[in-house]
Each structure stands twice: as C-alpha cells, then as structure tokens.
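Notes follow the structure.
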Amino acid sequence: MTSTVQGLFNLSGRRALVTGGSRGLGLQMAQALGDMGARLALVARKADELEQAREYLLGLGLQAQVFPADLSRRETLTPLVRSVREALGGIDILINNAGASWGAPAEDYPDEAWDKVMRLNVDAVFGLCREVGKHGMIAQGRGSIVNVASIAGLRGNPLPMRTIAYNTSKGAVVNFTRALAAEWGQYGIRVNAILPGFFPSKMTAGLLDTMRDQILQKTPLARIGGEHDLMGAAVFFASDASRHVTGQCLAVDGGASCI
Numbered sequence: 035m036t037s038t039v040q041g042l043f044n045l046s047g048r049r050a051l052v053t054g055g056s057r058g059l060g061l062q063m064a065q066a067l068g069d070m071g072a073r074l075a076l077v078a079r080k081a082d083e084l085e086q087a088r089e090y091l092l093g094l095g096l097q098a099q100v101f102p103a104d105l106s107r108r109e110t111l112t113p114l115v116r117s118v119r120e121a122l123g124g125i126d127i128l129i130n131n132a133g134a135s136w137g138a139p140a141e142d143y144p145d146e147a148w149d150k151v152m153r154l155n156v157d158a159v160f161g162l163c164r165e166v167g168k169h170g171m172i173a174q175g176r177g178s179i180v181n182v183a184s185i186a187g188l189r190g191n192p193l194p195m196r197t198i199a200y201n202t203s204k205g206a207v208v209n210f211t212r213a214l215a216a217e218w219g220q221y222g223i224r225v226n227a228i229l230p231g232f233f234p235s236k237m238t239a240g241l242l243d244t245m246r247d248q249i250l251q252k253t254p255l256a257r258i259g260g261e262h263d264l265m266g267a268a269v270f271f272a273s274d275a276s277r278h279v280t281g282q283c284l285a286v287d288g289g290a291s292c293i
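Taking the working numbering as reference, the numbering of the sequence shown is continuous, increasing by one, and the terminal residue is 293.
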C-alpha cells in the first residue's frame, strides 16, 4: 500500500459493484469510483436507464458494464453476483445504493408498500452483502462495503412527510452496517454507511417541490445536496484512505442531522 495521500485514494485495479447505479446518487458515486480508476459494474432495474448511464460514463472516458436486475427478488441476487464476478474477475467494492420509498399515513400504510420498501432497502442489502462476502471478499481477505442509508434512519420526519417504512428501513441499514462491520472485520472487510440528506432525485422531487424552504431553514449550510457532494465520501470509504475505518455512518446532509 502506498503511503502518499493520492495513492491512498487511488482505486486502480479495484472492481466495484454499484446498485441503483443508473441515475442520481448511484451514478454520481459510480462516476467518482471510475474517476479514481475502479472498474465498474452498474445494476438497476431498467435496462434503458442503465444503457444511458453507460453512455454518459463513456462520454467521460469511463468504462462500465451494466446488469439489469430486480433486486427486490431474492432469487436474482446469487446469479447477479456470479455474473458480475465473472465479468470483472471479482468484486472489491460493493455500493448498496438501490432503494425505494412510499408515502402514506402510518395508520393506513398498505402491507404491499411496507413489503416493497423492506425487500429492496433491507433484504437486498443483506442478500448482496452475504453473496459478495461468501463468494469473494472473505476468501480474498479484503473488501469495502458501503451501504447508503439516510438521515431519515436517525429520526422521524416533519409533517407532511409520512414515510414510516423508509425511515424504519434506513434505521435498519444503520445498525446492519455496524453489526456486519463487527462480524467481518476479522476477514479484512470494512463495512460503512453514507447517510445522505436531501438531494435532488426522482424519489425526493415531490418533497423538494413542496418543502424546499422548510428543509433549507433546518439545514445549517442552507443548501440541498449537489451532483458532486457524495463523490468524496464514496471514494473515501471505498479506498485505502479509510483502511482503519469500519462500522461508521457519515451523514452528508449540510448539517441537518445536527439540529
């Protein structure tokens, strides 16, 4: 391992699997890893959006392979990880970014909505970690897993936000990260989490339209997350710059969670 700071962040030769990598925060983090030399495998449900992401990265001089898959279906996880490992020759970095939300009052929350959110936000995270660990990282004695939780996993929401399943799922990801880090540290695998605040995305578009001023008033930096604001955190956790960091949760939220 190089001792230079630039070398610590260098990801040349590393192989990264990024879920929800076709747009938004996932694509932002994939671009960051690619910029630092990582080989990329992007996973998302829609093949056309994945192809658009691949072409976007290619325009930046970055190569990515794409794998359409519905991560909410458990039976897809094992063959997906196998396909990515065969394509890249292994997996050194796993970014669990894919997620879903559903808004409804808790007293009327539909069972199917609860199940949808939990299957993708919790079950898929566990399943992918298990497959990547069991079929690669444990044997190679190293690896970095980055789970994308949310500051919603640390607290409730101001009304009119009603996303009980989302908040619950992201709270689960926070402690899953800590528990897995404690268990897999013996294998040289680091497990950390990024907790974004509000970023423009398909998931947050409606809320930002109606609550932007309220959100900004409760954010010390008085800004919404931007198109580069997760890049540094993703590279830090993926690289040797964080080789002595595991089980940690970093809020990237403009300070909103400190109020």
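All C-beta atoms, glycine included, are put in the ideal place defined by N, C-alpha and C. All values reported here derive from a predicted model rather than from experimental measurement.
What is the DSSP secondary structure of residue i, reduced to helix, strand or coil?
{"i": "ASN131", "result": "coil"}
{"i": "LEU250", "result": "helix"}
{"i": "GLN86", "result": "helix"}
{"i": "ARG107", "result": "coil"}
{"i": "PRO192", "result": "coil"}
{"i": "GLN282", "result": "coil"}
{"i": "GLY95", "result": "coil"}
{"i": "LEU114", "result": "helix"}
{"i": "GLY14", "result": "With the chain covering only 35 through 293, there is no way to say anything about residue 14."}
Is the distance from the Cβ of residue i to the Cβ of residue j below 9 Å?
{"i": "SER56", "j": "ALA87", "result": "yes"}
{"i": "ASN226", "j": "VAL207", "result": "no"}
{"i": "LEU91", "j": "GLY68", "result": "yes"}
{"i": "ARG107", "j": "ARG73", "result": "no"}
{"i": "GLY58", "j": "SER235", "result": "yes"}
{"i": "GLY54", "j": "ALA132", "result": "yes"}
{"i": "ILE258", "j": "LEU284", "result": "no"}
{"i": "LEU84", "j": "PRO102", "result": "yes"}
{"i": "ALA138", "j": "ILE228", "result": "no"}
{"i": "VAL151", "j": "ASN130", "result": "no"}
{"i": "SER273", "j": "SER178", "result": "yes"}
{"i": "GLN62", "j": "GLU261", "result": "yes"}
{"i": "TYR221", "j": "ARG153", "result": "no"}
Considering only C-alpha positions, which residue in the set the options is nearest to residue i?
{"i": "LEU264", "options": "ARG246, ASP287 and ASN201", "result": "ASP287"}
{"i": "ALA173", "options": "THR211, ASP126, SER135 and LEU193", "result": "ASP126"}
{"i": "CYS163", "options": "LEU105, GLY137, THR197 and ALA121", "result": "LEU105"}
{"i": "GLU255", "options": "ALA275, PHE232, THR244 and ASP243", "result": "As written in the sequence, residue 255 is Leu, which differs from the Glu given in the question. Of ALA275, PHE232, THR244 and ASP243, the residue nearest in Cα terms is PHE232."}
{"i": "THR244", "options": "GLY205, PRO194 and LEU114", "result": "PRO194"}
{"i": "VAL279", "options": "GLY260, LEU229, ILE293 and ALA215", "result": "ALA215"}
{"i": "ARG119", "options": "ARG277, GLY170 and THR197", "result": "GLY170"}
{"i": "ARG212", "options": "TRP136, GLY123, SER135 and GLN282", "result": "GLN282"}
{"i": "ILE249", "options": "GLU141, GLY71, GLY266 and ILE293", "result": "ILE293"}
{"i": "GLN251", "options": "GLY289, ASP142 and TRP148", "result": "GLY289"}
Thinking residue i and residue j are a contact (beta carbons under 8 Å), I'd like their distance in whole angstroms, please.
{"i": "ILE29", "j": "SER291", "result": "This structure leaves residue 29 out entirely; the chain is present only between 35 and 293."}
{"i": "ALA268", "j": "ALA81", "result": "Contact flag wrong, Cβ pair sits at about 24 Å."}
{"i": "GLN99", "j": "ALA78", "result": "Not quite, the Cβ-Cβ distance comes to about 13 Å (not below 8 Å), so this is no contact."}
{"i": "ALA275", "j": "LEU42", "result": "4 Å"}
{"i": "LEU111", "j": "GLU165", "result": "6 Å"}
{"i": "ASN191", "j": "ASN201", "result": "7 Å"}
{"i": "GLY205", "j": "GLY219", "result": "About 22 Å separates the two Cβ atoms, so there is no contact after all."}
At what residues does the beta strand (DSSP E) containing residue i begin and finish?
{"i": "ILE198", "result": "Element bounds for ILE198: not the beta strand (DSSP E) but the alpha helix (DSSP H), 198–218."}
{"i": "ALA314", "result": "The question about residue 314 has no answer, for the chain in this structure spans 35 to 293."}
{"i": "ALA50", "result": "49–53"}
Which two residues bound the contiguous alpha helix (DSSP H) that contains residue i?
{"i": "PHE160", "result": "158–166"}
{"i": "GLN65", "result": "58–69"}
{"i": "ALA138", "result": "First-last for ALA138: undefined, no H or E at that position."}
{"i": "GLN40", "result": "39–43"}
{"i": "GLY266", "result": "265–272"}
{"i": "VAL225", "result": "Unbroken run through VAL225 is the beta strand (DSSP E), 223–230; no alpha helix (DSSP H)."}
{"i": "ALA147", "result": "145–152"}
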